[in-house]
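Sequence lines, in order, name chains A and B.
Position in the first sequence (from 1) plus 656 gives the number in this note's numbering.
Mapping the second sequence onto this note's numbering, position 118 (from 1) lands on 113, and the numbers just tick up by one.
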Amino acid sequence: MNAYEKNACQILKVAHIAILIHIPIFIYMANFFGTEMTLAIGAPLLITVVQVIMDKAFKSVRISSLLLPFNIIALSAVMIHLGKGMIEWHFHIFIMIGILSLMANPMTIVVAALTAAVHHISFYFLLPNSIFNYQASLGIVAIHAAFVIVESIACTFLAYRFKKSLEVQDNLNEKINPLVRSIEDISKNSSQSCSNLLQSSDNNAIALNTITDNSNRLNQMVDDTKNKISELLNNVKETNGCVKESANSVADSKVFLQSLADIKEKMEILQERSSEQLKAVVDTVHRISEKTGIINDIVFQTKLLSFNASVEAARAGEHGKGFAVVAEEIGGLATTSGGAAVEITKIVEESREQLTTAVDSISGGLVNFQTNIDDAYGLWDKVSQALNSSFSKVEGNSIKQEENLEAISIQADQQSKEIMELSEALHEIKETSNMTLNQIKNVEEMSGLLKDDADQLFILHKDLSGTDSEAA
Amino acid sequence: MKKTIATIFLLSWVVVASYALTLMHSWHYSDLSPKGSISLSELTFQNSEQNLGVIHFITPMCGCSREVYKHLMKEGPLDNKAYNEKIIIIDDFKDGIANELTKRGFDVFKLSNEEAKKIFDGEVRGVPLLTIYDQTLTTQYVGGYSEKSITPFTKINYRKFLQKIETKKKVKPLPVIGCAVSKEYQKLLDPFGLKYGEVL
């Protein structure tokens, strides 16, 4: 539906209401002038019904806009009748013709003027003296006709211009509508983009802050790492020194092993010697034991001699008593010597046993000691070899570690430097981001202004279209 | 088909509405003045001092006549020493009006259409009609009360006519715009009996 048709439809709707609004006025007029009340109520209703039926039946704005002026002038005629034909009610015709210009159809005015003219002329033919309800001269008739003609021409021109204006409005509307939609879309998209950009910018700012914080922490960590590496390097150096010292100690252990080998050899010699000496002692003790047997034999001989002497002394009687005593004493000495010899034998035996045990023990201990020394020597040798190998590796690793740590330290310095540069870059990004944010805010503000313009343009478009556009 | 019916209906509406409106307009614009002089042979003056006779022809069913009636009731009768004033009510004998006018001091007569036609030779075609005549029963004025259809706004002043006639001046007759009394005019103006009832 174009602007002309929309306008015509709106005017038709208003016209229906306007016709019905005449009813109370007509009722008052009928009452005041003593004219027909049924006509006052029925005529506007009938006119409205006919207009609505025709609108619905033809569904043509053109036909409706041609029927409306006829009905409107008919309404004016009813009003004039109800006002007992007073010339003043004819102003209603003039007003209606003027209002009908709003239909933007010159033919509407022509139909209205023709309807009025036909009414007057037709009852002129019916009653020749009564175009007017008084004796009007030709001049008066001409004046009245001139007013109607002039107004009709003016209104026809006005309706024509209004129609052209509506056509222009249509064209303008057709051009503005996509423009409005486009601007509105752009504005919405721009606004949405600005919102997104602002959100992203906020997120970026937060991320930048986080990155900056992380960078600072990383810087701090790199510094700490550097310090730790430096400390570690020192430790490695110290360890390296210790390893070297340990390697030296391991090298010294060879001397110790050599000493241990010497000790072992000496111990073997000592063992042999001790064994020999102990054997000599055992032999001595054995000889003592053998000598003790001799003593025992002597003691036995002595006792036997004493006994014999006693027996001789008993035979010698009195004279032999002294000898008997000597023989007894000698027997006693022999017994005592025998006892001592037994004890000596016992002691020697015990000593020999103890000595044997001691020799065996010492000999076993020495053997064990030697074995232990051998084991210890072997073990130490292995340990020494392992230590040598380990220390060699440790030394090698330590050197490599030191080199690596120095490289790491250099890299940490580089990293620290780069982190500093990164931090500066982040700071610059932050400043740039702030500038971008301001720019986005400006764009958003401009987007808002654009939206306002679009709204105003939309209102203008709505005003131009004359209805609630679908774009709403 | 539907369009054809609608078109026929539309054209019928235009024709019927135009005709009906034309008829209605004619009710207010038709000059129902007598074509000739009104015979006043049966009228008599009450006394010789009376200079002029005045007859008001009205019918209560007519709005214009009711306005004249209201005026008469308001102004009252003329001086009967100088004027022989009568009111003739035609074809509508609402006693209320006749009685009120009588009470107000008017000399009231009631005539049917046929009686009026017979008495006045069919010259009384419409009301309200004013007739002024002199002692010789010569009509000095036959016409209406106003240039236009009489409404509550109309200022009726027929006394000025009397003054003019008394000073020997001519009074231009005004059109008789109101209701037709003669059947011919009623039929002409209201063929469907919308205003005057069944006249066909």
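Every residue gets a Cβ at the ideal spot worked out from N, C-alpha and C, and that includes glycine.
All figures in this text were calculated on a predicted structure; none of them were measured in a lab.
So which residues on chain A does residue i lean against when the C-beta distance must stay under 9 angstroms?
i            : result
residue -1/B : Within chain A, no residue comes near residue -1/B; the closest Cβ sits about 11 angstroms away, beyond 9 angstroms.
How many angstroms separate the CA atom of residue i from the CA atom of residue j?
i              : j              : result
residue 1094/A : residue 1115/A : 31 angstroms
residue 11/B   : residue 727/A  : 12 angstroms
residue 888/A  : residue 1057/A : 10 angstroms
residue 671/A  : residue 828/A  : 27 angstroms
residue -3/B   : residue 176/B  : 46 angstroms
residue 831/A  : residue 768/A  : 35 angstroms
residue 1071/A : residue 840/A  : 51 angstroms
residue 925/A  : residue 916/A  : 14 angstroms
residue 905/A  : residue 939/A  : 48 angstroms
residue 1004/A : residue 907/A  : 53 angstroms
residue 990/A  : residue 965/A  : 13 angstroms
residue 981/A  : residue 947/A  : 29 angstroms
residue 712/A  : residue 15/B   : 25 angstroms
residue 1125/A : residue 844/A  : Residue confidence for residue 1125/A is low, a pLDDT of 45 falling below 50, so the modelled location carries little weight; the figure read from the coordinates is stated next. The straight-line gap from Cα to Cα measures roughly 18 angstroms.
residue 1063/A : residue 1069/A : 10 angstroms
residue 127/B  : residue 663/A  : 60 angstroms
residue 816/A  : residue 805/A  : 16 angstroms
residue 810/A  : residue 1119/A : 26 angstroms
residue 993/A  : residue 949/A  : 12 angstroms
residue 189/B  : residue 164/B  : 41 angstroms
residue 912/A  : residue 1015/A : 30 angstroms
residue 58/B   : residue 1113/A : 60 angstroms
residue 4/B    : residue 109/B  : 42 angstroms
Mark residue i as exposed unless 16 or more other C-beta atoms lie within 10 angstroms of its C-beta, in which case mark it buried.
i              : result
residue 1102/A : exposed
residue 657/A  : exposed
residue 880/A  : exposed
residue 191/B  : buried
residue 101/B  : buried
residue 195/B  : For residue 195/B, the predicted model reports a pLDDT of 40, less than 50, meaning its position is unreliable; a value from the coordinates is still stated below. The residue is exposed, with fewer than 16 neighbouring Cβ atoms inside 10 Å.
residue 673/A  : exposed
residue 777/A  : exposed
residue 61/B   : buried
residue 969/A  : buried
residue 1110/A : buried
residue 824/A  : exposed
residue 988/A  : exposed
residue 135/B  : buried
residue 1031/A : exposed
residue 153/B  : buried
residue 876/A  : exposed
residue 684/A  : exposed
residue 687/A  : exposed
residue 869/A  : exposed
Which chain B residues sit within Cβ distance under 7 angstroms of residue i?
i             : result
residue 754/A : Neighbours of residue 754/A on chain B: none; closest Cβ ~21 angstroms, over 7 angstroms.
residue 740/A : 23, 58, 144 and 146
residue 800/A : Going along chain B, no residue has its Cβ under 7 angstroms from residue 800/A, so there is no contact; the nearest lies around 13 angstroms.
residue 726/A : 9
residue 751/A : Per Cβ cutoff of 7 angstroms: no residues; residue 751/A is ~18 angstroms from chain B at best.
For residue i, which residues in chain A fall below 7 angstroms Cβ to Cβ?
i            : result
residue 61/B : 690
residue 12/B : 730
Please indicate yes or no: does the CB of residue i lie closer than 6 angstroms to some heavy atom of the ligand SAH?
i             : result
residue 984/A : As for the ligand SAH, it is missing from this structure, which has no ligand bound.
Starting from the beta carbon of residue i, find every residue of chain B whose beta carbon is closer than 9 angstroms, and list them in chain order.
i              : result
residue 710/A  : 1, 4, 5 and 8
residue 1157/A : Because chain A is modelled from 657 through 1128, residue 1157/A falls outside the range shown and cannot be assessed.
residue 723/A  : 5, 8 and 9
residue 714/A  : -2, 1, 2 and 5
Identify the contact partners of residue i in chain B, using a Cβ-Cβ distance below 8 angstroms as the criterion.
i             : result
residue 733/A : 16, 19 and 20
residue 737/A : 16, 19, 20, 22 and 23
Quick test of the definition: if touching needs 3 or more C-beta pairs under 8 angstroms, does the stretch 711 to 726 of chain A touch the stretch 754 to 768 of chain A? yes
Cβ contact (3+ pairs, closer than 8 angstroms) linking the stretch 145 to 163 of chain B and the stretch 731 to 751 of chain A: yes
Any beta strand (DSSP E) of 3 or more consecutive residues that is wholly inside the stretch 88 to 112 of chain B: 102 to 106
Is the number of C-beta pairs between the stretch 842 to 858 of chain A and the stretch 1070 to 1084 of chain A that are closer than 8 angstroms three or more? no
Say whether the stretch 933 to 950 of chain A touches the stretch 1007 to 1016 of chain A, bearing in mind that this needs 3 or more beta-carbon pairs closer than 8 angstroms, one atom from each stretch. yes
Enumerate, from N- to C-terminal direction, the unbroken alpha helix (DSSP H) stretches of 4 or more residues contained entirely within the stretch 957 to 993 of chain A. none
Between the stretch 887 to 901 of chain A and the stretch 1077 to 1092 of chain A, can you find at least three pairs of beta-carbon atoms closer than 8 angstroms? no
Is it true that the stretch 18 to 31 of chain B meets the stretch 113 to 132 of chain B, where meeting means three or more beta-carbon pairs spaced less than 8 angstroms apart? yes
Any contact of the stretch 745 to 760 of chain A with the stretch 42 to 52 of chain B, i.e. 3+ C-beta pairs under 8 angstroms? no
Quick one: which unbroken alpha helix (DSSP H) runs of 4-plus residues sit fully inside the stretch -3 to 80 of chain B? Chain order, please. -3 to 24 and 58 to 70
Tell me whether the stretch 677 to 690 of chain A and the stretch 699 to 707 of chain A touch, counting them as touching only if at least three CB pairs, one residue from each stretch, are closer than 8 angstroms. yes
Segment contact, 8 angstroms Cβ cut-off, at least three pairs: the stretch 860 to 870 of chain A with the stretch 1022 to 1042 of chain A: no
Run through the stretch 697 to 724 of chain A for me and flag every whole alpha helix (DSSP H) of 4 or more residues, listed as ranges in chain order. none
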